[in-house]
Structure formats: structure tokens, C-alpha cells
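Engineer: Starting off with a structure, shown below.
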């Protein structure tokens, strides 16, 4: 059964853009704590239904992320399913803004795969201000990369005893904007960092920072820390069974291919800090600065508190014999009431 046939959230809107002809799915999982928020993903999928399924899955994760981060929002997601032949960008952004505006403020969006801060500025203008992470020059908080990386480092340090990464071997999968910043932070703290990315052109940048570049599968390498910073679904039952890391924490969304993978990791003694905890820094900074009236210091303090949330998840999992994803879900459920 497809998730679109068994959706447990509040609303799923699927429209075909009047200008672009693109299928646009907007999922609202929960507004129990406030308006739903979630990024705008623009990419190719095998079908519109696959895109809608992704929106549903990601919106549920956003509900957990917002609850665990202590934000007065619920979870949502926009997915625009690109056709193979491409479309006019301007038409697509206007269609996405129109779809969001039709929801009457129940959902606000931000950048994700395939969308930018500039796109958010257009959506903000066209959809009654219901978009964040606009460029700073246009009154927004700018890119969320630095805040996301800060949150990953906070979560990571909660999982390292006694809290220092100095002398530890860390592997970073994905050397995009967030992966690079996490790499820099680990190097500054004395870790030995090895990096991989599908784009070999990033190798000189990584090596200038002091990291080691590799083409090996870092999931199977002997590591103290593994940082998934690329796309989701990295951890399957098979890869978890072969994983050589002691601690896994990173910004990639939906790192587990299936929830039972968390059991494999737990049973092998591998600590996994759920991505809904570790990747919350970007959303905390964006809504904190643009909607909740926080200054930079207050937003950063709330991001740093991700360490406390990660610690609470790990303690609950350890004390009750749970997987960390189950512990995180129980904590979130308590916050959702």
C-alpha cells in the first residue's frame, strides 16, 4: 500500500501547476503546536505518487523535529516533481507559491533540495509571507547551512564521551555546504577527518582544510564517528550490519532506509542520533530569526541546546532498552500531547 493511501496526517494537497504543468504535493502532517513548516523539494521522481509519498514521509519527520526542538510549529513539506524535460523556473516557483497560498497560512516553507533562498524570497512575496530563509539583504535569515552544521556538532558532542572529538577518526559522507562546515568544525576540534563525495572536484577544497579524501565506502570503514551529510536512505539493514562506526550523527534527512535498521544499529552497539534531532539547527535559526523575534545569540543558544535533546534521547533509549528512533518518537509524542 502506498503512503498516499494510508496518510495519518492532516492534509495532502496535490495540484498540477497552471503555468509549469508540474505536479506539486504539499503535505501537512500536524498543526497541533502551530502552523506546519517544512522545506520545498524540487527534483525528479519516477512518478507524481513517489513525490507525494516523499512529501508525506518528510512532513511526519518535520513534526518530530519541531516538537523535539521546542518550536511552536508542526510538520509539513512541499515536493515539486520535475519532468525529465525540465520547465521554466519562474513558472514553477509561481505555481509553488500559489499552492502554498491556497492553504491559508497552515503551512510555511523554506529551501530544500532544488530550491534556494532566492526562491524563498519570491514565494514570500507571492504567498503572503509564508516562506523563510530569504537572503539577508531581503530581510531574511539567509542560508541555513551554518546553523544546521552547528546543530550537528552540538548533537555529535552529546554522543561522544567525555565530549571531546580530539584524536577521534571521523568520516563525512557528502561535502556540500553543511558537510564542509561540519568537517571544518571537527578539524578545529582536533579530529582526524576523512571525506567522500560523488563530486571529485571538491577534493582540493577538502584537502586544503586538512581532511583526507577517499573514494571508499565510509559506512564500512573503521571510524569513531560517521557523519551522513548527503541524501537519505544511506543506512540499510545490510549496510548497518557492516558499519564500522561507533557513533552516527549527521544532517542528512531520513538516514534510515527503514525503521528496523535502528534495531540493527542498537544490537551492534552503534549509537545513532536521529536526524530529526541532529539536523534541527537550520530550522531553529530560520524561524527563530524571521518569525519568533530571536536575536542571533538567542537563536544560537537554542541550537546549542540540541546537545541536551540528543542527550535526553540517548538516555531514554539506554534506560528503556529502546532504539534511539523509538526514544525520540516517545519524547516527541509527549511534547505533542
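Residue numbers (my numbering): 33 to 369.
Using N, Cα and C, we set each Cβ at its ideal position, and we do this for glycine too.
Values in this document were obtained by computation on a predicted structure and should not be read as measured data.
Looking at the unbroken alpha helix (DSSP H) that takes in residue 204, where does it start and where does it end?
Structural biologist: Segment 201 to 205 is the beta strand (DSSP E) holding residue 204; no alpha helix (DSSP H) there.
Engineer: Give the range of the beta strand (DSSP E) segment to which residue 258 is assigned.
Structural biologist: Here the beta strand (DSSP E) through residue 258 covers 255 to 260.
Engineer: Tell me, which residues are paired with residue 143 by DSSP?
Structural biologist: According to DSSP, which records beta bridges pairwise, residue 143 is partnered with 72.
Engineer: Give a yes or no on contact between the segment 129 to 149 and the segment 71 to 83, applying the rule of three or more CB pairs nearer than 8 Å.
Structural biologist: Yes, the segment 129 to 149 touches the segment 71 to 83.
Engineer: Taking all protein chains shown into account, do 16 or more other C-beta atoms lie within 10 angstroms of the C-beta of residue 163, making it buried, or fewer, making it exposed?
Structural biologist: That one is buried.
Engineer: Taking the alpha carbon of residue 252 as the point to measure from, which residue in 272, 314 and 263 has its own alpha carbon closest?
Structural biologist: Of the listed residues, the one whose Cα sits closest to residue 252 is 272.
Engineer: Can you list, in chain order, the residues of its chain whose CB lies under 6 Å from that of residue 129, leaving out five sequence neighbours each side?
Structural biologist: The answer, listed in chain order, is 155, 158 and 159.
Engineer: Flag this pair as yes or no: are the beta carbons of residue 59 and residue 87 separated by less than 9 Å?
Structural biologist: For residue 59 and residue 87, yes; Cβs fall inside 9 Å.
Engineer: Specify, as a first and last residue, the run of the beta strand (DSSP E) that residue 107 falls within.
Structural biologist: Residues 106 to 114.
Engineer: Only counting the same chain, and skipping five residues up and downstream in sequence, which positions put a Cβ closer than 6 Å to that of residue 93?
Structural biologist: 308.
Engineer: CA-CA distance, residue 218 and residue 48?
Structural biologist: So the alpha carbons of these two residues sit roughly 44 Å apart.
Engineer: For residue 258 versus residue 289, is the C-beta spacing smaller than 9 Å?
Structural biologist: No. Outside cutoff.
Engineer: Check this for me: beta carbons of residue 57 and residue 110, under 9 Å apart or not?
Structural biologist: The answer is yes: Cβ separation under 9 Å.
Engineer: Could you tell me which residues DSSP pairs with residue 80 in its beta bridges?
Structural biologist: Per DSSP, none; premise fails for residue 80.
Engineer: Spatial neighbours of residue 243 within its chain, please: C-beta separation below 8 Å, excluding the five flanking residues on both sides.
Structural biologist: Answer for residue 243: 204, 215, 219, 225, 226 and 227, listed in chain order.
Engineer: Can you give me the Cβ contacts of residue 305 inside the same chain, cut-off strictly under 6 Å, excluding the 5 residues immediately before and after it?
Structural biologist: Around residue 305: 187, 191, 281 and 342.
Engineer: Starting from residue 224, follow the beta strand (DSSP E) in both directions and report where the run begins and ends.
Structural biologist: First-last of the beta strand (DSSP E) with residue 224: 224 to 228.
Engineer: Going residue by residue through the segment 314 to 344, where are the continuous alpha helix (DSSP H) segments of at least 4 residues, counting only ones entirely within it?
Structural biologist: You should have 328 to 336.
Engineer: On the premise that residue 346 lies in contact with residue 295, defined as a C-beta separation below 8 Å, what is that separation, rounded to the nearest angstrom?
Structural biologist: With a Cβ gap of about 16 Å, residue 295 and residue 346 do not count as contacting.
Engineer: Just mark residue 334 as buried or exposed, buried being the case when its beta carbon has 16 or more other beta carbons within 10 Å.
Structural biologist: With 16 or more Cβ atoms within 10 Å of its Cβ, residue 334 is classed as buried.
Engineer: Inspect the beta-carbon positions of residue 261 and residue 223 and report whether they are closer than 9 Å.
Structural biologist: Contact flag unset, no.
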